[in-house]
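**Student:** In our numbering, the protein residues as written are 787 to 1299.
All C-beta atoms, glycine included, are put in the ideal place defined by N, C-alpha and C.
The structure follows.
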């Protein structure tokens, strides 16, 4: 009897090692063993990998051939606690509606919009094969990823040195070689190493494995505002315009590209940037800030790159992206973003130096969370149940808002950072799971209270940052959505005015017949 399962819902794979499912399709299971809420099997198209266990119903049907061998069968006994599927993939039918989820924007029903928001991948992968890719003369062939010891998007795994955060102040603790913890229990690791919680460095940070020297300029402050945790406001707010896209050439006319003029208000000095510069900046920021929503850039286009309509649409998309970046208290002050805005276009040496400095930034992944300073003192703590309730409410709200914006294709194309929040929420939920597991170990006498408190303290830092990002989203969503709707309706008015004009011209032609 071969182990089989029937898919209850559609599931789209987002990470390596996962496979997509179609509702009602039958899959072959490699094992009936649930691995942290995931099963391994082969779908009807012959793809093999992991998928959420809650998305399928296990059935037994006769089959001539034996099931494929399980690659994940050799698991340590009791070594893993089952986890729910990632927040981004949980079916709506299995989510309990929160008590106080905000209401989404009321939008008119519409059909026929197949547009789907691009998923946020956690670790950024630059696109290839367009005129906006790096030129050989723009940078050297070697990259940071090729250098020994480069961090990239992964987190360092230091066993000898761990740092804990107490109210934003970092303290180092050295463990002599050969020493072992007194506790007999440890918090389990996620088996799915492709999950956002793992890739972002959230797991390593919560388990106390992050280490790094945090300079004063790297610190990010979360403060308590009227609505709860907030990012500390930028004391020097600014704006940046994007105008005058012009076609330029190099290599004696063999290479053509479009350059955009940027004028930041805090410097007043114009710089020119190509799309590839935006693409590079997006990659650095998406990697550095795992719990901050960095909006997607307007998509690339293989053909028609120099057509007037495409250039105009891309400029508007980049202008919206820039407005969001400048209004974010953390992103606006990031060194890489400031380098992008202020480095003179003609100084290639200065650009390369700043580019490499950003690429060698060690405060990414798990180390990013070390930079976050949170409120301390009486009344500054977070209640885990309250945090979980707020995050679940926000998760339900963004899902409803996402579904609503899908009704307006033109608006959704430019309001694309909603797709980032499932991964951000998944990082926070993963941290809460580790806290619950450590508390259970303490109650069972298997873990020292001090170690569990350290896990909860680091979880609080992630929770503060997540809630601060949620509050920032609520601050700007009405402004951004209003702007996009106004733009959409203005374009509709212009379109129908042209239609009316053409109809009137056609009508008057009959006067001379």
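Return no unless some Cβ of chain C is closer than 8 Å to the Cβ of residue 1019.
**Tutor:** Structure shown: chain C not included; a single protein chain is present.
**Student:** Quickly, what does DSSP pair residue 1057 with across the bridge? List them, please.
**Tutor:** Bridge partners of residue 1057: 1048.
**Student:** What does DSSP give as the partner residues of residue 803 in its beta bridges?
**Tutor:** According to DSSP, which records beta bridges pairwise, residue 803 is partnered with nothing at all.
**Student:** Return the CA-CA distance between residue 843 and residue 978, expressed in angstroms with no decimal places.
**Tutor:** 21 Å
**Student:** Could you check what DSSP says for residue 1033 in three-state terms: helix, strand or coil?
**Tutor:** Looking at residue 1033 - three-state DSSP - the assignment turns out to be strand.
**Student:** Considering only C-alpha positions, which residue in the set 794, 801, 820 is nearest to residue 808?
**Tutor:** 794
**Student:** Which stretch, first to last residue, makes up the alpha helix (DSSP H) that contains residue 1007?
**Tutor:** Run containing residue 1007: none in the alpha helix (DSSP H); it sits in the beta strand (DSSP E), 1006-1011.
**Student:** Quick one: what's residue 844 bridged to in DSSP?
**Tutor:** 791
**Student:** Distance check for residue 1030 and residue 994, CA to CA, integer angstroms please.
**Tutor:** Residue 994 and residue 1030 have their alpha carbons spaced roughly 49 Å apart.
**Student:** Rounded to a whole number of angstroms, what is the C-alpha to C-alpha distance between residue 1110 and residue 1063?
**Tutor:** 17 Å
**Student:** Name the residue from 1054, 1003, 984 whose alpha carbon lies nearest to the alpha carbon of residue 1149.
**Tutor:** 1003
**Student:** Using the rule of at least 16 other Cβ atoms within 10 Å of the residue's Cβ for burial, across every protein chain shown, is residue 1264 buried or exposed?
**Tutor:** exposed
**Student:** Can you give me the C-alpha to C-alpha distance between residue 1100 and residue 1011, rounded to a whole angstrom?
**Tutor:** 36 Å
**Student:** What are the boundary residues of the alpha helix (DSSP H) that includes residue 1098?
**Tutor:** 1094-1113 is the extent of the alpha helix (DSSP H) around residue 1098.
**Student:** What residues in its chain sit with their C-beta under 7 Å from that of residue 796, if we drop five residues either side in the sequence?
**Tutor:** 807, 808, 809
**Student:** Between which two residues does the beta strand (DSSP E) holding residue 994 run?
**Tutor:** That residue, residue 994, is in no beta strand (DSSP E); it is neither H nor E in DSSP.
**Student:** Pull up the CB-CB distance for residue 983 and residue 1213, whole angstroms please, since I reckon it's below 8 Å.
**Tutor:** Confirmed, about 5 Å.
**Student:** Throw me the rounded Cβ distance for the residue 1105 and residue 1071 pair, which I believe falls under 8 Å.
**Tutor:** Between residue 1071 and residue 1105 the Cβ distance is about 17 Å, and since that is not below 8 Å, they are no contact.
**Student:** Rounded to whole angstroms, what is the Cα-Cα separation between residue 1276 and residue 1298?
**Tutor:** 35 Å
**Student:** Do you know how far the Cα of residue 840 is from the Cα of residue 1046?
**Tutor:** Each residue's CA atom was taken as its position, placing residue 1046 and residue 840 some 48 Å apart.
**Student:** Taking DSSP as the reference, what is the three-state secondary structure of residue 999?
**Tutor:** Residue 999 carries a coil assignment under DSSP once its states are collapsed to helix, strand and coil.
**Student:** Sorted by chain position, which residues of the same chain lie with C-beta nearer than 8 Å to residue 1250's C-beta, five sequence neighbours on each side aside?
**Tutor:** Here the set comprises 1008, 1015, 1158, 1160, 1161, 1168.
**Student:** From the DSSP output, in three-state form, read off residue 1298 for me.
**Tutor:** Helix at residue 1298.
**Student:** For residue 1166 and residue 1181, I'd like the C-alpha separation in whole angstroms.
**Tutor:** 24 Å
**Student:** Using the rule of at least 16 other Cβ atoms within 10 Å of the residue's Cβ for burial, across every protein chain shown, is residue 812 buried or exposed?
**Tutor:** By the neighbour-count rule (16 or more Cβ atoms within 10 Å), residue 812 is not buried but exposed.
**Student:** Under the three-state reduction of DSSP, which class applies to residue 1077: helix, strand or coil?
**Tutor:** coil
**Student:** Pull up the distance between the alpha-carbon of residue 1119 and that of residue 1228, whole angstroms please.
**Tutor:** 41 Å
**Student:** Counting pairs of beta carbons, one from the stretch 1254-1271 and one from the stretch 1020-1029, are three or more of them closer than 8 Å?
**Tutor:** no
**Student:** Tell me which residues share the same chain as residue 1108 and place their Cβ nearer than 7 Å to its Cβ, disregarding the 5 neighbours each side in the sequence.
**Tutor:** Excluding residues within five positions, the ones whose Cβ falls inside 7 Å are 1026, 1028.
**Student:** To which residues of the same chain is residue 1068 closer than 6 Å at the C-beta, ignoring the five residues directly before and after it?
**Tutor:** Within the same chain, and ignoring the five residues on either side of residue 1068 in sequence, the residues whose Cβ sits closer than 6 Å to its Cβ are 1083.
**Student:** Excluding the 5 residues flanking residue 835 on each side, which residues of the same chain have their C-beta closer than 6 Å to its C-beta?
**Tutor:** Within its own chain, the residues whose Cβ lies closer than 6 Å to the Cβ of residue 835, once the five positions on either side in sequence are excluded, are 803, 804, 805, listed in chain order.
**Student:** Could you say which of 1091, 1221, 824 lies nearest to residue 1173 if we only look at CA atoms?
**Tutor:** 1221
**Student:** Look at the Cβ atom of residue 1187, then the Cβ atom of residue 1204, and state whether they are nearer than 8 Å.
**Tutor:** yes
**Student:** So, for residue 1094: in the same chain, excluding its five sequence neighbours on each side, which residues have a beta-carbon less than 7 Å away from its beta-carbon?
**Tutor:** Nothing meets the Cβ criterion.
**Student:** Taking the C-alpha atoms as reference points, what is the distance between residue 1179 and residue 1260?
**Tutor:** C-alpha separation (whole angstroms): 13 Å.
**Student:** For residue 1092, count neighbouring Cβ atoms within 10 angstroms of its own Cβ and tell me buried if that reaches 16, exposed if not.
**Tutor:** exposed
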